[in-house]
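The opening position of the sequence shown corresponds to residue 35 in the numbering used here, with each subsequent residue numbered one higher. Following: one structure in structure tokens, then a few remarks.
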Amino acid sequence: MAVAIRKPLRGGIHPSEQKHLTADKPIVKPPPPTTVTIPLWQHTGACCKPLVSKGDAVRLGQKIGEAPAFVSAPVHSSVSGTVVAVEPRLDPVGRMVTAVVIEADAQDALADGISPRGTLDSLSPPDIREIIHEAGIVGLGGASFPTRVKLSPPADKPIDSYILNGCECEPYLTGDHRLMLERAADAVLGLCLLMKAAGVEKGYVAVEANKPDAVETLLPLARETGITVVVLPTRYPQGSEKHLIKAVLGREVPSGGLPMDVGTLVSNVGTAVAVADAVYRGMPLVERVVTVTGRPVREPSNLLLRLGTSFATALELAGGLTEPAGRVVMGGPMTGVAQFSLEVPVVKGTSGILVLGEDESPPLASTPCIRCGRCVESCPMRLVPLYYDACARVGNWTRARELGVIDCIECGSCAWGCPARRPLVHSIRVAKSEIRNLAARS
Ligand code: SF4
Ligand code: SF4
35 MAVAIRKPLR GGIHPSEQKH LTADKPIVKP PPPTTVTIPL WQHTGACCKP LVSKGDAVRL
95 GQKIGEAPAF VSAPVHSSVS GTVVAVEPRL DPVGRMVTAV VIEADAQDAL ADGISPRGTL
155 DSLSPPDIRE IIHEAGIVGL GGASFPTRVK LSPPADKPID SYILNGCECE PYLTGDHRLM
215 LERAADAVLG LCLLMKAAGV EKGYVAVEAN KPDAVETLLP LARETGITVV VLPTRYPQGS
275 EKHLIKAVLG REVPSGGLPM DVGTLVSNVG TAVAVADAVY RGMPLVERVV TVTGRPVREP
335 SNLLLRLGTS FATALELAGG LTEPAGRVVM GGPMTGVAQF SLEVPVVKGT SGILVLGEDE
395 SPPLASTPCI RCGRCVESCP MRLVPLYYDA CARVGNWTRA RELGVIDCIE CGSCAWGCPA
455 RRPLVHSIRV AKSEIRNLAA RS
């Protein structure tokens, strides 16, 4: 069944989508890179402990990092070859993280034990949760939260609904759109596995109205499985969890709360496909779809890249650049992270590599706030970004907390239209971090 939700998101923005660069480009799987650099910390939670040392031979899919805590996710080799270093390396989030550097042998020799693990009918919920954990699966929408943890809510938080997030509202990115076209059956199967693992009966796939081909592809599969496809108006940030839940189920996640507080879990389309791969092929998370795009990129592409592939290699695979880059970003232009080096690796949270031209990356210099109110109008959380910026300038974290800064979802809608180019999201991140530090000390 398809349900059209007509009520648009309150606030939010309509940035130029720029999805035409790659929306029609099928996912391409290049040969394995010659070297991969695989950070042992690619997820929310504790950093993994290395299981290999320099000189060790490794195989594709072999576990090379062990999760030391419940909130963590193991890490696997994305190639077969030889470990040449286990040492700190820069990651695309800007941290120095212990990484396993592997010279690939181009053989893709599979690790022992990689084989189908069962079926939707044969596996129990605990079985599915364990397979998901052992496969190192985290949310592939960007947050990289370990999926097994999401599937294990406390007993006092009963869950009745699971939403598969196919909105992909961030400009430029098209990997999820392509997955819904090319691997729709696996996306729906993955959702069914996630629903069984969480003991949930009601499943939804939410897609923005700008992807009618994806809706058409999903509908017959949804009819077979009893899942509802929900078509949402195209508006950024429709895909944020809180707005998605409100639009699909009419439920309001409380201030400071989580989807589980309103009986709901949300996963990204890529995550569901990874779950289907882990169960039906036995393959852990060793690769992901990355949209390599932007005007300077010669052949903007959707590439299925091995984790650990350098951004430089990814850009070469997309034909290189036709003009100097003004900025390279991991993710999209709204929530992405600017990069200082092209040697950083693709990680589980790398949804895109976006290159902006020099004229598309104006200097970050800002001028004083003119109190025009645009940031307030565009905030989908009904917050007051200009005041958080003012609080951050004088270090008044108590006032920022009183004004609700903790509810900010860091979507960037406020900064997008600010005529003074105030660093609103940066100020908000600093304020949230200081408030957390204060709470930890008290
Ligand atoms: S949009 Fe920018 S200039 Fe306008 S009120 Fe907000 S911070 Fe100030
Ligand atoms: S204050 Fe936060 S939630 Fe509101 S528009 Fe800015 S980044 Fe988005």
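Ideal Cβ positions, reconstructed from N, Cα and C, are used throughout, including at glycine.
Around the C-beta of residue i, are 16 or more other C-beta atoms found within 10 angstroms, so that it is buried, or is it exposed?
i    : result
M415 : buried
R340 : buried
V105 : exposed
I193 : buried
G353 : exposed
E357 : exposed
D393 : exposed
D146 : exposed
R427 : exposed
R322 : buried
M317 : buried
D247 : exposed
K97  : buried
R286 : It is worth fixing the name first, because residue 286 is Glu in this sequence and not Arg. Classification for E286: exposed.
T347 : buried
D155 : exposed
K111 : Looking at the sequence shown, residue 111 is not Lys but Ser. Per the 10 Å Cβ criterion, buried.
E19  : Nothing in the structure corresponds to residue 19, since the chain is present only between 35 and 476.
If you follow the alpha helix (DSSP H) that residue i is part of, which residue opens it and which one closes it?
i    : result
L213 : G209 to E216
S412 : R408 to S412
N471 : L458 to R475
V303 : V303 to Y314
K53  : Run containing K53: none; DSSP gives neither H nor E here.
R425 : Correcting the residue identity first, residue 425 is Cys in this sequence and not Arg. That run of the alpha helix (DSSP H) goes P419 to V428.
S447 : S447 to W450
E436 : W431 to E436
H77  : That residue, H77, is in no alpha helix (DSSP H); it is neither H nor E in DSSP.
V538 : What is shown of the chain runs 35 to 476, which leaves residue 538 out entirely.
Regarding residue i and ligand 2, is the C-beta to nearest heavy atom distance less than 6 Å?
i    : result
P419 : yes
I443 : yes
C448 : yes
C203 : no
V464 : no
V127 : no
V263 : no
C413 : yes
V459 : yes
Nearer than 6 Å: is that true of the beta carbon of residue i relative to any heavy atom of ligand 1?
i    : result
R405 : yes
C425 : no
R456 : yes
R416 : no
R408 : yes
C452 : yes
Compute the beta-carbon to beta-carbon distance between residue i and residue j, rounded to the nearest angstrom, for a pair I have assumed lies under 8 Å.
i    : j    : result
T384 : V324 : 5 Å
C507 : L420 : This structure gives no information on residue 507, because the portion of the chain shown stretches from 35 to 476.
L338 : C409 : About 38 Å; that fails the 8 Å criterion.
G45  : S461 : Their Cβ separation, rounded to whole angstroms, is 19 Å, which puts G45 and S461 out of contact at 8 Å.
V307 : G152 : About 17 Å; that fails the 8 Å criterion.
S114 : A143 : 4 Å
A3   : H77  : Since the first and last residues shown for the chain are 35 and 476, residue 3 lies out of range.
Considering just the uninterrupted stretch of the beta strand (DSSP E) at residue i, what are its terminal residues?
i    : result
R123 : G115 to L124
P73  : T69 to P73
I440 : Here I440 belongs to no beta strand (DSSP E), and DSSP marks it neither H nor E.
A133 : M130 to A138
E321 : E321 to T327
On the DSSP bridge assignment, give the partners of residue i in chain order.
i    : result
Y238 : I197 and T262
P379 : S344
H48  : Looking at the DSSP assignment, H48 forms no beta bridge with any residue, so it has no partner.
H110 : K97
A359 : G391
D180 : Before going on, a small fix: residue 180 reads as Pro here, not Asp. Answer is V172, bridged to P180.
V92  : G115
M364 : V371 and I387
I61  : N336
K83  : E100
Could one say the Cβ of residue i lies closer than 7 Å to chain B's Cβ atoms, at least one of them?
i    : result
I136 : The structure shown contains no chain B; it is built from a single protein chain.
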